[in-house]
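Visitor:
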Amino acid sequence: MNNALAGQLPEELSDSLSLNASFRAKQIFRWIHSGASDFNAMTNLPKDLRNTLHQRFPSILESSVPACRTDPDDGSVKLTIRLKDGLFAESVLLIDGRGRKTACLSSQVGCAMGCLFCRTGTMGFLRNLSASEIIEQLLMLKASYGDITHIVFMGMGEPLANREAVMKAAQLLHHPEAHNISYRRITLSTCGLADQIRTLHQDPPIRLAVSLVTAREDLRNTLMPVNRRYPLRELRSSLLAYQRASGRRITLEYVLIRNCNDTPEDIAALAGFCKGLKVLVNVIPWNPVEGLSYQEPSPAGTEKFSAALEQLGITVSKRLRKGRGVNGACGQLAVPLNPASEPHESS
Ligand code: SF4
27 MNNALAGQLP EELSDSLSLN ASFRAKQIFR WIHSGASDFN AMTNLPKDLR
77 NTLHQRFPSI LESSVPACRT DPDDGSVKLT IRLKDGLFAE SVLLIDGRGR
127 KTACLSSQVG CAMGCLFCRT GTMGFLRNLS ASEIIEQLLM LKASYGDITH
177 IVFMGMGEPL ANREAVMKAA QLLHHPEAHN ISYRRITLST CGLADQIRTL
227 HQDPPIRLAV SLVTAREDLR NTLMPVNRRY PLRELRSSLL AYQRASGRRI
277 TLEYVLIRNC NDTPEDIAAL AGFCKGLKVL VNVIPWNPVE GLSYQEPSPA
327 GTEKFSAALE QLGITVSKRL RKGRGVNGAC GQLAVPLNPA SEPHESS
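Each number in the numbering used here corresponds to the 1-based position in the sequence shown with 26 added.
1. Secondary structure at N308, three-state DSSP: helix, strand or coil?
2. With C-beta atoms as the reference, is S133 less than 7 Å away from V178?
3. Below 8 Å on the Cβ atoms is my contact criterion, and I expect L335 with W312 to pass it. Report the Cβ-Cβ distance as a whole number of Å.
4. I'd like to know if the segment 240 to 254 and the segment 195 to 211 are in contact, where contact means that at least 3 CB-CB pairs between them fall below 8 Å.
5. Let me check you understand the geometry: is the CB of C141 closer than 6 Å to at least one non-hydrogen atom of ligand 1?
6. Could you tell me which of V103, G112, G150 and L165 sits nearest to I86, measuring between CA atoms?
7. Suppose the cutoff is 7 Å on Cβ atoms and the five residues either side in sequence are ignored; what does the same chain contact list for S372 look like?
8. Tell me which residues share the same chain as A195 and place their Cβ nearer than 6 Å to its Cβ, disregarding the 5 neighbours each side in the sequence.
9. Please indicate yes or no: does the CB of C137 lie closer than 6 Å to some heavy atom of ligand 1?
10. Quick one: is G33 buried, meaning 16 or more other Cβ sit within 10 Å of its Cβ, or exposed?
11. Which value, in whole angstroms, describes the spacing of the CA atoms of T128 and Q228?
12. Under the DSSP definition of a beta bridge, which residues are partnered with Q94?
13. Can you tell me which residues form a DSSP beta bridge with E279?
14. Does the structure place the segment 320 to 330 close enough to the segment 290 to 300 that three or more beta carbon pairs sit under 8 Å?
15. Could you give the distance in angstroms between the alpha-carbon of S42 and the alpha-carbon of I223?
16. Is C14 near ligand 1, with its Cβ less than 6 Å from a heavy atom?
17. If you draw a straight line from the alpha carbon of L265 to that of T216, how long is it in whole angstroms?
18. Got a sec? Which residues, its chain only, sit under 7 Å from S343 by beta carbon, not counting five neighbours each side?
19. With 16 as the cutoff for other CB atoms within 10 Å, does S117 come out buried or exposed?
20. Cutting at 8 Å between CB atoms, please list the residues of its own chain near S40, excluding the five before and the five after it.
21. Can you tell me whether R262 is buried or exposed, with buried defined as 16 or more other CB within 10 angstroms of its CB?
22. Does the Cβ of H370 have 16 or more other Cβ atoms within 10 Å, making it buried, or fewer, making it exposed?
23. Cβ atoms of G136 and L152: under 7 Å apart, would you say?
24. Any chance the CB of C300 is under 6 Å from a heavy atom of ligand 1?
25. Which one of N154, P202, E203 and S237 has the shortest CA to CA distance from M180?
26. So does C144 have its beta carbon nearer than 6 Å to some heavy atom of ligand 1?
27. Run the proximity test for C286: is its beta-carbon closer than 6 Å to any non-hydrogen atom belonging to ligand 1?
28. Return helix, strand or coil for K127, following the three-state DSSP convention.
29. Within 10 angstroms of its Cβ, does E368 collect 16 or more other Cβ (buried), or is it exposed?
30. Helix, strand or coil for A333, going by three-state DSSP, please let me know.
Below you can see the structure in the form of structure tokens.
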């Protein structure tokens, strides 16, 4: 087990810190998740216990924030997180007009899935993040921006390729004495690992989003190498099985790329994929990424595409462009400070 403190439940803290009284573990748990930076701040612990723990853990968090940028256009924030081993991850905070604060958390450094339109996909896979490293991203966002209302696992990485750590983080996010965020406000976004989706109803009941991008097999094979392992028929059947078992609606994310997946043929294929599934289609205009030659759709093109889906009876949500000014928008995350790695398909 990773012994970093922010990734442990109270009973685990009790064991790893060799505490005799379980209420001490609960006190420490509450302090950690309320943002205490060292044991000396935990004023309801006996002084000798604080000193012992402080000697063992000079700092509660193992990660740090060397850079934080705010998008002047929309107020969204991107944190660069320096991990214990010197690698970097990124997190984004999106704030909407109604005060909803959504933290977009990373689950891996880089990503092995190699989607051609995604900046993270171009950097290859370096390693999984631990539950603690995932929670530390949230703690660092909360330290500067206060309580977070929603969580999306849509940062760097494929969350289902690091499922155990992500689900542990979801438990901690939900824990009433930690962050108390409803599971309905936590969403995991996958590129479509069908075998994992089939058993997902057994995990904490967070929401599922699938980055579909296209319902045309040939195009998906090209844009998303994962489709060669789990073709659309298999992905769809896993979603049906998940929906039967969980009863939950699924979000299909459709990153719209001009002159690529925005034709009438694409609309027909997407409508066919949706048939029989309870879904919301989230149309996300592709965000430019340096070095990638895809084209972003015009606002009118995005509107037209969405309207055509609605006419076919599909529920659509359009995501506002956010975070572009800090390269923190969907598909734009990558940290050039990380060492280069070869992109590959498997996880
Ligand atoms: S879109 Fe998601 S799964 Fe695909 S390469 Fe990017 S981070 Fe990985």
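Built from N, CA and C at the ideal position, the CB exists for glycine as well.
As the structure is a computational prediction, the values presented were derived from the model and not from experiment.
Guide: Here's the rundown:
1. In the three-state DSSP reduction, N308 falls in the strand class (E or B).
2. No, the Cβ-Cβ distance between S133 and V178 is not below 7 Å.
3. With 8 Å as the limit, L335 and W312 do not qualify as a contact, their Cβ atoms being about 17 Å apart.
4. No, because fewer than three Cβ pairs between the segment 240 to 254 and the segment 195 to 211 fall closer than 8 Å, the two stretches do not touch.
5. It does: the Cβ of C141 is within 6 Å (strictly closer) of some heavy atom of ligand 1.
6. Per the Cα distances, L165.
7. Unreliable placement is indicated for S372, whose pLDDT of 35 sits below 50; the coordinate value is still reported in the next sentence. Here the set comprises A138.
8. Result list for A195: A157, I160 and I161, in chain order.
9. Yes, the Cβ of C137 comes within 6 Å of a heavy atom of ligand 1.
10. Residue environment analysis places G33 among the buried positions, since at least 16 neighbouring C-beta atoms fall within 10 angstroms of its C-beta.
11. T128 and Q228: Cα-Cα distance of roughly 25 Å.
12. The question names Gln, but residue 94 is Cys in the sequence shown. According to DSSP, which records beta bridges pairwise, C94 is partnered with L105.
13. Partner(s): S237 and N308.
14. In the pairwise beta carbon analysis, the segment 290 to 300 is classified as not touching the segment 320 to 330: fewer than three pairs are separated by under 8 Å.
15. Roughly 32 Å separates the two Cα atoms.
16. The question about residue 14 has no answer here: the residues shown for the chain are numbered 27 through 373.
17. The straight-line gap from Cα to Cα measures roughly 12 Å.
18. Same-chain partners within the cutoff: L306 and N308.
19. With 16 or more other Cβ atoms within 10 Å, it is buried.
20. Shown here for S40: same chain residues with a beta carbon closer than 8 Å to its own, the five before and five after excluded, namely S48, R50 and A51 in chain order.
21. Flag for R262 reads buried.
22. Low confidence applies to H370: its pLDDT is 41, below 50, so where it sits in the model is not reliable, and the reading given next is rough at best. Taking a 10 Å sphere around the C-beta of H370, we find fewer than 16 other C-beta atoms and assign the residue as exposed.
23. In contact: L152 and G136 (Cβ atoms closer than 7 Å).
24. Not so, every heavy atom of ligand 1 lies at least 6 Å from the Cβ.
25. Check the Cα spacing between M180 and each of N154, P202, E203 and S237: the tightest is with S237.
26. It does: the Cβ of C144 is within 6 Å (strictly closer) of some heavy atom of ligand 1.
27. For ligand 1, no non-hydrogen atom lies closer than 6 Å to the CB of C286.
28. DSSP places K127 within a strand segment (E or B) once states are collapsed to three.
29. Summary for E368: the model assigns pLDDT 44, below 50, so the residue's position carries little reliability; its value from the coordinates is reported in the next sentence. Burial call: exposed.
30. In the structure shown, A333 sits in a helix (DSSP, three-state: H, G or I).
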